[in-house]
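For the sequence shown, counting from 1, position 105 maps to 610 in our numbering; every step adds exactly one. Heads up, the beta-carbon is just placed ideally off N, CA and C, and yes, glycines get one too. Quick notes on the structure that follows.
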Amino acid sequence: MSGPAVRHLYVHVPFCRAKCDYCDFYSLPVGDDGSARRRMAEYIEALHAEWAATAARYDVQHLHTLYLGGGSPSLLGPELLDRLLAPFAPLLSARSEVTVETNPEDVDDAFALWAAPGIAVGAAADSRCPVRVSLGVQSFISSLRAALGRAAAADPEAAFTRLRMAGCENVSIDLIYGIPGQTFADIARELIKVALLAPDHVSWYELDLDHATPLAWSLDSGDRIDDDDDEERAAMYVRIVHGLEDFGFRWYEVSNFAQPGKRARHNIAYWRGRPYLGLGPAAVSTVGATRWRNRPDAAGYAAAMHEGPEPERDYERLSVADRARERLFLAARMGAPVSLTLIAPALDEAAVEPLAQAGLVSLRGGTLTVTRKGRYVANAVCVRLFRDSCI
Ligand code: SF4
């Protein structure tokens, strides 16, 4: 056992019913028949093998957060989710945060009733950790989901309501703006839905298309509705921030909004530079100055874990300047103060004063903070602040 204590774990589940047109996450379409379930069960065995080898190398006495992402972890269903979680349950407590990324089409009664009471954890027979459900809505408007090439057609509002009716007390929703054809009136409709449903947390991302996705190809070839321009997207973003704040959400990260006490602790751990481990193909881990990424190859992963002890990985040594840039970038997104000493290796000091004059950053007590005004354009502010910009 070596290195700093690790308290945060990400587990990748690289299966989806079908592939959505805008998606560049590492995931494989598997459908939902019997062979898919066999494949998922075998995958869980491989994950457990990776965990056994990884846990033996790091000080993981307790998990503060566990995040099941994908892909579609909810596609596993209650039985396989319980099987997947079994080796982690003794490391969790009632105060841990367990998040399960969930697609609306997977939310049947069985799933909702599995998530609502939380999962049995720790040594005490009655100790349970709540499950935080992160629901991939993307849009409440079916034509916009179609514009995204969402392969599944389930109604996200019905899924949300089913989760609430079952008793799920911590439900986050993911939304996207900048969808081809999306208008200001659509943003207003999405905001009204959020107000009516009252989720605990909202992640509302700008559509950022990888050039290798089918949606990007079709936009390039002019088959779809024209892309929105940057100014319109910026105005939509301002509308979203104001709208959610009017409903009592706190804007605590560029794309994330939470009701009091409902911030995503796992993501905050990333943003604060805490060490974390990731399991499964394409999963990333960072401990100290070492970052590694499992190769995005599910078949290779399964074969490697059959042989043991670890999958093929790409390792990276983060330099002092790399880590300083990352600290500054993540603090900027959260509007959190960051020590000038800590970010000095990455900072272009000459850029600070003009940005402060423009009200985009503030300096106080040896720290730099990207202001609320600066957070709207956090990437651009970082480009100015970085000594050698390449974001
Ligand atoms: S369900 Fe999510 S992870 Fe799966 S293909 Fe669609 S966007 Fe990607």
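Here DSSP, grouped into helix, strand and coil, assigns THR688 to coil.
Residue pairing by DSSP places CYS521 opposite PRO534 in a beta bridge. Just so you know, the alpha carbons of SER844 and ARG828 end up roughly 13 Å apart.
Take the alpha-carbon of ASP613 and the one of PRO622: they are about 15 Å apart. When beta bridges are read from the DSSP output, CYS634 appears opposite ILE624. If the five residues before and after MET810 are omitted, its C-beta is found closer than 7 Å to the C-beta atoms of ALA551, ALA554, GLU555, PRO816, all from its own chain and listed in chain order. Distance from the CA of LYS878 to the CA of VAL642, rounded to the nearest whole angstrom, comes to 28 Å.
Of all residues, those with a beta-carbon under 6 Å from at least one heavy atom of the ligand SF4 are CYS521, LYS524, CYS525, CYS528, PHE530, SER532, GLY575, GLY576, SER577, ASN608, GLY641, reported in chain order. Scanning the segment 663-714 for uninterrupted beta strand (DSSP E) segments of 3 residues or longer gives 676-682, 706-711, listed from N- to C-terminal end.
When secondary structure is reduced to three states using DSSP, SER647 falls in the helix class. ASP853 and ARG600 have their alpha carbons spaced roughly 41 Å apart. According to the DSSP assignment, ASN608 belongs to no alpha helix (DSSP H), since it is labelled neither H nor E. With a cut-off of 8 Å on Cβ pairs, the segment 578-585 is not in contact with the segment 782-791, counting fewer than three such pairs. In the three-state reduction of the DSSP assignment, SER579 falls in the helix class.
Here DSSP, grouped into helix, strand and coil, assigns VAL642 to strand. Taking all protein chains in view, the Cβ of SER647 is surrounded by fewer than 16 other Cβ atoms within 10 Å, so the residue is classified as exposed. Apart from the 5 residues on each side of it in sequence, ARG880 sits with its Cβ closer than 7 Å to the Cβ of VAL759, GLY840 in its chain, given in chain order. In this structure, ALA740 is the residue among ARG667, HIS706, ALA740 with its C-alpha nearest to the C-alpha of ALA690. When only Cα atoms are considered, ILE684 and LEU649 end up about 7 Å apart. Non-local beta-carbon contacts of PRO661 in its own chain, meaning distances under 7 Å to residues more than five positions away in sequence, involve PRO609, LEU640, VAL642, PHE645 in chain order. When the Cα atoms are used, SER540 and ARG892 turn out to be separated by approximately 52 Å.
Secondary structure at TYR548: helix, using DSSP grouped into helix, strand and coil.
Excluding sequence positions up to five before and after ALA807, its CB lies within less than 8 Å of the CB of GLU547, TYR548, ALA551, all in the same chain and listed in chain order. Apart from sequence neighbours up to five positions away, the residues of its chain that approach ALA558 with a beta-carbon distance below 7 Å are GLY813, PRO814, GLU815, ordered along the chain. Here ILE745 is buried, its C-beta having at least 16 other C-beta atoms within 10 Å. Going by beta carbons, ARG838 and GLY778 fall outside the 7 Å limit.
Within the segment 799-827, complete alpha helix (DSSP H) segments of at least 4 residues are found at 803-812, given in chain order.
Contact between the segment 565-579 and the segment 507-518 is established, with three or more Cβ pairs separated by less than 8 Å. The beta carbon of ALA594 sits closer than 7 Å to those of ILE624, ALA625, VAL626, all from its chain and outside the five residues before and after it, given in chain order. In the three-state DSSP reduction, ASP564 falls in the strand class (E or B). Listed in chain order, the non-local C-beta contacts of ARG889 below 7 Å within the same chain comprise ALA856, LEU860, local neighbours out to five positions each way being set aside. The C-beta separation of ASN675 from ARG637 comes to about 4 Å, placing the pair in contact by the 8 Å criterion. Under DSSP, the beta-bridge partners assigned to TYR781 are THR791. Contact between the segment 745-754 and the segment 691-702 is present, with at least three C-beta pairs closer than 8 Å.
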